[in-house]
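**Q** I have a structure here, written as structure tokens, and I will follow up with some questions on it.
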Amino acid sequence: MKGLRGKILIIFLVIVLLFNFSSCTKQSVDRTKQDGMVFYEVFVRAFYDSDGDGIGDLKGLTQKLPYIKSLGVNGIWLMPIFKSPSYHGYDVTDYYNINPEYGTNEDFINFLNEAHKLGIKVIIDLVVNHTSSKHPWFLEADTSPKSKFRDYYIWATPDTKLNEPSALGTKQWYNKGSGFYNAIFWSEMPDLNFDNKKVRKEIKKVAKYWLEKGVDGFRLDAAMHIYPPNRIQDTLNWWKEFGDYCRSIKKDVYLVGEVWSSERAIAPYLKYLDSCFNFKLAEGIIDAVMKGDSSKLQYNLPYIYDEYKNSYKDYVDAPFLTNHDMDRVMSKIDDINKMKLAASILLTMPGNPFIYYGEEIGMKGEKPDEYIREPFKWGKEFITGQTRWIDSEYNIGDYAPSVEEQDKDPNSLLNFYRDMIKFRLGNNILSKGDITIIETKPEILGYFRTLNDDKLLVIHNLTDNLLDAELQLNNKLKGEIIRGDGLVQMTENKVKVKLKPYATVIIK
Ligand code: CA
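What follows is the structure in structure tokens.
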């Protein structure tokens with residue numbers, strides 16, 4: 269009797285243990301619920317100044333959270349906020365402290381808490397391919413080949429071809445005294461050596477620190493450059509290690525990589541990171557809207573999505589129009605109706621769309637970089653809180669789009685973005701569904717979005733003409749227009765629609 273009870277108890281314990289173990293392992297690899305977001309990319313320096321020194325700061329950003337909330341977004345990506353000698357912060361000197369121009373660590377935690385109260389997640393830029401040349405690691409490493417930090421960086425050997433350009437086509441070896449070090453972006457951004465286990469440990473320690481402070485994820489700068497192109501697998505292995513580690517700290521951490529390359533190069537990263545920015549889609553949307561011709565986009569999109577899906581079935585795309593490294597979309601498109609169309613396409617695409625601050629009011633800007641990162645325009649003229657970190661060249665005088673002017677105007681670009689974001693997040697199919705592109709004439713862009721048995725048909729008119737669109741269907745639809753106005757005629761396998769200039773119609 270006693271023996272039998274003992275056995276039953278042991279079997280019971282084994283079952284409990286096995287059950288716990290399997291649910292644990294399942295949780296640690298589940299990253300299928302990372303969609304349903306719309307992110308707003310913010311350059312803190314340019315956003316809102318709380319203390320009148322002209323430089324945007326975290327207290328100012330916190331004060332303006334209601335504005336960000338009013339856009340309807342549920343995520344914020346902050347461009348670098350750590351200590352750095354540069355205005356942009358992509359060369360870090362201290363991964364544990366906030367740039368004093370932006371505020372204190374306490375200000376940041378307060379911002380995080382306030383964002384979370386509003387249901388807004390916050391991801392921060394993590395720049396780990398390189399540090400600043402002023403980072404204590406590098407300063408120490410460069411004192412002598414015998415420094416204990418020497419191996420944190422990559423140093424030329426007698427075999428190194430010092431004149432050979434980097435994968436970016438840039439000069440990549442520099443000498444400040446103790447030897448030639450590798451720096452593919454800029455002499456003041458020495459590349460870290462990821463063959464050194466200590467470096468990997470340092471970077472994971474940084475991630476842990478901020479995740480435990482409440483950060484919801486990271487935007488991973490220069491993710492494809494960790495190792496040179498002939499060592500792609502090593503780069504991928506690093507991101508696997510980093511991704512697994514982050515998920516062990518915070519199981520729903522969101523990781524989005526900057527892999528500025530083709531869909532084929534991006535695809536393998538989706539096995540380890542939740543998302544990668546879709547550069548080809550960005551270029552494709554703008555090109556289609558500018559030319560009024562969607563043929564290239566129609567041709568390319570199925571390839572992109574197939575490539576992604578074949579790599580990782582539950583990938584979440586990260587569509588966008590332009591970011592802080594590109595000329596602003598309004599400078600290219602230069603027309604409010606076309607701009608609305610571009611936003612309509614962006615916000616009906618699969619994945620988590622990213623909107624670059626100022627895009628929603630039609631700010632312009634062209635390179636050099638400072639001028640695509642101009643002070644956010646709260647008022648047409650200078651108003652309290654507006655930053656003056658640089659004198660605007662593009663959003664001033666005759667062309668000065670502002671929140672002040674657009675807030676109350678129901679037809680403004682700002683309110684168009686608000687409405688469209690709300691519509692997207694209110695329709696699960698748009699944020700979580702699959703996409704199938706419909707082959708049709710170049711003046712139109714059409715696609716199905718599907719989620720389980722639910723379907724939506726999205727049709728855009730890329731021209732300024734009233735357009736009759738006729739699309740072949742192999743999907744049954746009810747024929748109810750849920751957005752846009754037009755005339756719809758449905759038959760068994762065809763839909764006929766009349767589209768106003770630059771209009772988007774969404775049919776259930
Ligand atoms: Ca300030």
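In the numbering used here, the protein residues as written are 269 to 776. We treat Cβ as the ideally placed atom computed from N, Cα and C, and that holds for glycine.
Assuming Tyr308 and Lys332 form a contact by the criterion Cβ under 8 Å, report the distance between their Cβ atoms to the nearest whole angstrom.
**A** Walking along the sequence shown from the start, residue 308 turns up at place 40. Walking along the sequence shown from the start, residue 332 turns up at place 64. Not confirmed; about 11 Å, so no contact.
**Q** Is any heavy atom of ligand 1 found at a distance shorter than 7 Å from the C-beta of Ile323?
**A** Position 55 of the sequence shown, counted from the first residue, corresponds to residue 323. Checking every heavy atom of ligand 1 against the Cβ of Ile323, one is found closer than 7 Å.
**Q** Answer with buried or exposed for Leu549, where buried requires no fewer than 16 other C-beta atoms within 10 angstroms of its C-beta.
**A** Here the question's residue 549 lines up with position 281 in the sequence shown. Buried is the call here.
**Q** Tell me Phe393's beta-bridge partners as DSSP assigns them.
**A** Taking the first residue of the sequence shown as 1, we reach residue 393 at position 125. According to the sequence shown, residue 393 is Asp rather than Phe. Beta-bridge pairing links Asp393 to Arg487.
**Q** Taking 6 Å as the limit between beta carbons, can you name the residues of its chain near Met758, skipping five residues before and five after?
**A** On the sequence shown, residue 758 is found 490 positions in, with the first residue counted as 1. Here the set comprises Gly747.
**Q** Taking the straight line between their C-alpha atoms, what separation do you get for Phe436 and Asn367?
**A** Residue numbering aside, residue 436 sits at position 168 when the sequence shown is read from its first letter. Residue numbering aside, residue 367 sits at position 99 when the sequence shown is read from its first letter. The displayed chain sequence assigns Leu, not Phe, to residue 436. Roughly 29 Å separates the two Cα atoms.
**Q** Please list the terminal residues of the continuous alpha helix (DSSP H) segment that includes Ala314.
**A** As a working mapping, residue 314 is identified with position 46 in the sequence shown. Here the alpha helix (DSSP H) through Ala314 covers 312 to 315.
**Q** Which one of Asn443, Phe716, Met631 has the shortest CA to CA distance from Asp666?
**A** By one-based count along the sequence shown, residue 666 stands at place 398. The candidate whose alpha carbon is nearest that of Asp666 is Met631.
**Q** Within this structure, are the beta carbons of Glu638 and Ile658 separated by less than 8 Å?
**A** Position 370 of the sequence shown, counted from the start, is the residue given in the question as residue 638. Position 390 of the sequence shown, counted from the start, is the residue given in the question as residue 658. Against a cut-off of 8 Å, the Cβ pair of Ile658 and Glu638 comes out as a contact.
**Q** Is the beta carbon of Asp375 within less than 7 Å of some heavy atom of ligand 1?
**A** Against the sequence shown, residue 375 aligns to sequence position 107. Asp375: no, Cβ never under 7 Å from ligand 1.
**Q** Under 8 Å by Cβ, that's how I've got His728 and Ser612 pegged, so tell me the actual separation to the nearest angstrom.
**A** By 1-based counting over the sequence shown, the position of residue 728 is 460. By 1-based counting over the sequence shown, the position of residue 612 is 344. His728 to Ser612, Cβ: 6 Å. Contact.
**Q** Is it buried or exposed for Pro426, if we count other Cβ within 10 angstroms and need 16 for buried?
**A** Residue numbering aside, residue 426 sits at position 158 when the sequence shown is read from its first letter. By the neighbour-count rule (16 or more Cβ atoms within 10 Å), Pro426 is not buried but exposed.
**Q** Return the first residue and the last residue of the alpha helix (DSSP H) that Gly437 is part of.
**A** One-based indexing of the sequence shown puts residue 437 at position 169. Here Gly437 belongs to no alpha helix (DSSP H), and DSSP marks it neither H nor E.
**Q** What residue does the beta strand (DSSP E) around Asn365 start on, and which one ends it?
**A** On the sequence shown, position 97 is the one that residue 365 refers to. Asn365 -> beta strand (DSSP E) spans 362 to 366.
**Q** Can you check DSSP and say which residues form a bridge with Val584?
**A** Counted from its first residue, the sequence shown places residue 584 at position 316. According to DSSP, Val584 bridges with nothing at all.
**Q** What is the C-beta distance between Asp736 and Lys776, in whole angstroms, given that I count them as a contact (C-beta under 8 Å)?
**A** Mapped onto the sequence shown, residue 736 falls at position 468. Mapped onto the sequence shown, residue 776 falls at position 508. Rounded, the Cβ-Cβ distance is 21 Å, inconsistent with contact.
**Q** Could you tell me whether the stretch 502 to 521 touches the stretch 557 to 567, where touching means 3 or more Cβ pairs closer than 8 Å?
**A** no
**Q** Quick one: is the Cβ of Asp317 within less than 7 Å of any heavy atom of ligand 1?
**A** As a first step, residue 317 must be located in the sequence shown, where it is residue number 49. Yes, the Cβ of Asp317 comes within 7 Å of a heavy atom of ligand 1.
**Q** Just verifying my parser: in three-state terms, what is the DSSP assignment at Ile344?
**A** Stepping through the sequence shown from its first residue, residue 344 is reached at position 76. If DSSP states are grouped into helix, strand and coil, Ile344 belongs with the strands.
**Q** Whole angstroms are fine: how far does the CA of Asn365 sit from the CA of Arg692?
**A** Here residue 692 corresponds to residue number 424 of the sequence shown, with the count starting at 1. Here residue 365 corresponds to residue number 97 of the sequence shown, with the count starting at 1. Straight-line Cα distance between these residues: approximately 36 Å.
**Q** When the distance is taken between beta carbons, is Lys327 closer than 8 Å to Asp393?
**A** Position 125 of the sequence shown holds residue 393. Position 59 of the sequence shown holds residue 327. No, Cβ-Cβ distance for Asp393 and Lys327 is not below 8 Å.
**Q** Note down the Cα distance separating Ile705 from Pro570, rounded to an integer number of angstroms.
**A** As a working mapping, residue 705 is identified with position 437 in the sequence shown. As a working mapping, residue 570 is identified with position 302 in the sequence shown. Rounded to the nearest angstrom, the two C-alpha atoms are 7 Å apart.
**Q** Hey, how far is the Cα of Trp454 from the Cα of Gln440?
**A** Position 186 of the sequence shown, counted from the start, is the residue given in the question as residue 454. Position 172 of the sequence shown, counted from the start, is the residue given in the question as residue 440. Between Trp454 and Gln440, the C-alpha separation is close to 8 Å.
**Q** Please state the DSSP three-state secondary structure of Glu738.
**A** As a position in the sequence shown, residue 738 is number 470, starting the count at 1. In the structure shown, Glu738 sits in a strand (DSSP, three-state: E or B).
**Q** Report the rounded CA-to-CA distance for Ile312 versus His493, giving the unit in angstroms.
**A** Sequence index remark: in the sequence shown, residue 312 carries index 44 (1-based). Sequence index remark: in the sequence shown, residue 493 carries index 225 (1-based). Reading off the sequence, residue 312 comes out as Val, not Ile. Each residue's Cα considered, the two are about 25 Å apart.
**Q** Could you give the DSSP three-state label for Val557: helix, strand or coil?
**A** The residue labelled residue 557 in the question sits at position 289 within the sequence shown. When secondary structure is reduced to three states using DSSP, Val557 falls in the helix class.
**Q** DSSP state of Asn729, grouped into three classes?
**A** Working through the sequence shown from its first residue, we reach residue 729 at position 461. Strand at Asn729.
**Q** With 16 other CB atoms within 10 Å as the buried threshold, where does Lys676 fall?
**A** Position 408 of the sequence shown, counted from the start, is the residue given in the question as residue 676. Exposed: under 16 other Cβ atoms inside 10 Å.
**Q** Would the beta-carbon of Arg468 fall within 8 Å of that of Glu509?
**A** Mapped onto the sequence shown, residue 468 falls at position 200. Mapped onto the sequence shown, residue 509 falls at position 241. Contact flag set, yes.
**Q** Where Val341 and Glu628 are concerned, what is the direct C-alpha to C-alpha distance, given to the nearest angstrom?
**A** Position 73 of the sequence shown, counted from the first residue, corresponds to residue 341. Position 360 of the sequence shown, counted from the first residue, corresponds to residue 628. So the alpha carbons of these two residues sit roughly 12 Å apart.
**Q** For the beta strand (DSSP E) containing Lys719, name the first residue and the last one.
**A** Counted from its first residue, the sequence shown places residue 719 at position 451. A small correction: the amino acid at residue 719 is Leu; Lys does not occupy that position in the sequence shown. Here the beta strand (DSSP E) through Leu719 covers 712 to 719.
**Q** Count the other CB atoms within 10 Å of the CB of Glu760; is the residue buried (16 or more) or exposed (fewer)?
**A** On the sequence shown, residue 760 is found 492 positions in, with the first residue counted as 1. When all chains shown are included, Glu760 counts as exposed.
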